[in-house]
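Residue numbers (my numbering): 1034 to 1268. Each residue gets a CB set at the ideal place from its N, CA and C atoms; glycine is no exception. Taking it in order: structure first as structure tokens, then the write-up.
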Ligand SMILES: [Zn+2]
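Okay, structure coming up:
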């Protein structure tokens, strides 16, 4: 795990091909996403590494309920009992009333390239048989005064209820998987959307990426790939 501080209050941790963020405020620590199940120990460790204890975790905000973004949440609920929020439209997905995720068949198709084989192997280790994670206690982030001063932004496409978050005070946009800067299955770097095999609705994914690209952010913290500075003139 690697942790970078990207603004006064924001730290970004890179786990197994996926990021989660920690936003510090008077409320304590607000996590945005929570890695794979296999990243659980690192998610807990990341809270300590930025100088906090688990009791300081005020909430977890989920961008979307894919397994690489919710893995440590059951353990955090057990140890801390903090609330878990996501956009209204993602709530039923996080409760697993339905599932919009890459199929086992589509995963097998990745085995034709060496990058794909490596990614599948790392993913299988990271989920460690825990593909059944769901968050029954999740609540809607819409219209809520969220800890950390974060605002949800509906960004449907990657999943129907995908939600980005914005920290206006520091100009930091948490774009989740609506706009990323890299992925083991992507050819290269820079702002991009994920390969279409990951996106539930490709057209809406593109619309949401465009919306975020034009957002008045200074820093974009994506679900995959390094954080980047944008719009330096607005700093
Ligand atoms: Zn993801």
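Going by DSSP, what residue range makes up the alpha helix (DSSP H) through residue i?
i	result
residue 1061	Element bounds for residue 1061: not the alpha helix (DSSP H) but the beta strand (DSSP E), 1061-1065.
residue 1091	Segment 1090-1095 is the beta strand (DSSP E) holding residue 1091; no alpha helix (DSSP H) there.
residue 1238	1235-1246
residue 1106	1106-1112
residue 1196	Here residue 1196 belongs to no alpha helix (DSSP H); instead the beta strand (DSSP E) covers 1196-1200.
residue 1218	It is not in any alpha helix (DSSP H) - residue 1218 carries neither H nor E in the DSSP assignment.
residue 1147	1147-1160
residue 1080	1073-1082
residue 1141	1137-1142
residue 1100	1100-1103
Please say whether residue j and residue i have beta carbons closer to each other than 7 Å?
i	j	result
residue 1204	residue 1243	no
residue 1190	residue 1237	yes
residue 1050	residue 1220	no
residue 1090	residue 1115	yes
residue 1254	residue 1045	yes
residue 1181	residue 1073	no
residue 1211	residue 1241	yes
residue 1151	residue 1144	no
residue 1208	residue 1197	yes
residue 1233	residue 1188	no
residue 1117	residue 1093	yes
residue 1042	residue 1057	yes
residue 1053	residue 1066	yes
residue 1068	residue 1048	yes
residue 999	residue 1139	No answer is possible for residue 999: the residues shown for the chain start at 1034 and end at 1268.
Can you give the beta carbon distance from residue i to residue j, rounded, assuming they're within the 8 Å contact cut?
i	j	result
residue 1222	residue 1258	7 Å
residue 1256	residue 1102	7 Å
residue 1159	residue 1071	4 Å
residue 1246	residue 1224	6 Å
residue 1248	residue 1206	6 Å
Is it right to say residue i is buried, meaning 16 or more other beta carbons lie within 10 angstroms of its own, or is it exposed?
i	result
residue 1141	exposed
residue 1268	Confidence is the limiting factor: at residue 1268 the pLDDT is only 40, short of 50, which leaves the residue's position unreliable, though a coordinate-based value still follows. Exposed, by the Cβ-count rule.
residue 1156	buried
residue 1084	exposed
residue 1162	exposed
residue 1123	buried
residue 1136	exposed
residue 1119	buried
residue 1035	exposed
residue 1260	buried
Please report the residue range of the beta strand (DSSP E) in which residue i lies.
i	result
residue 1252	1252-1255
residue 1187	1183-1187
residue 1208	1205-1209
residue 1036	1035-1038
Between the region 1153-1170 and the region 1096-1116, can you find at least three pairs of beta-carbon atoms closer than 8 Å? Short answer: they touch.
Would you call the region 1119-1137 and the region 1092-1101 touching, i.e. three or more CB-CB distances under 8 Å? Put simply, the region 1119-1137 touches the region 1092-1101. At least three CB pairs are less than 8 Å apart.
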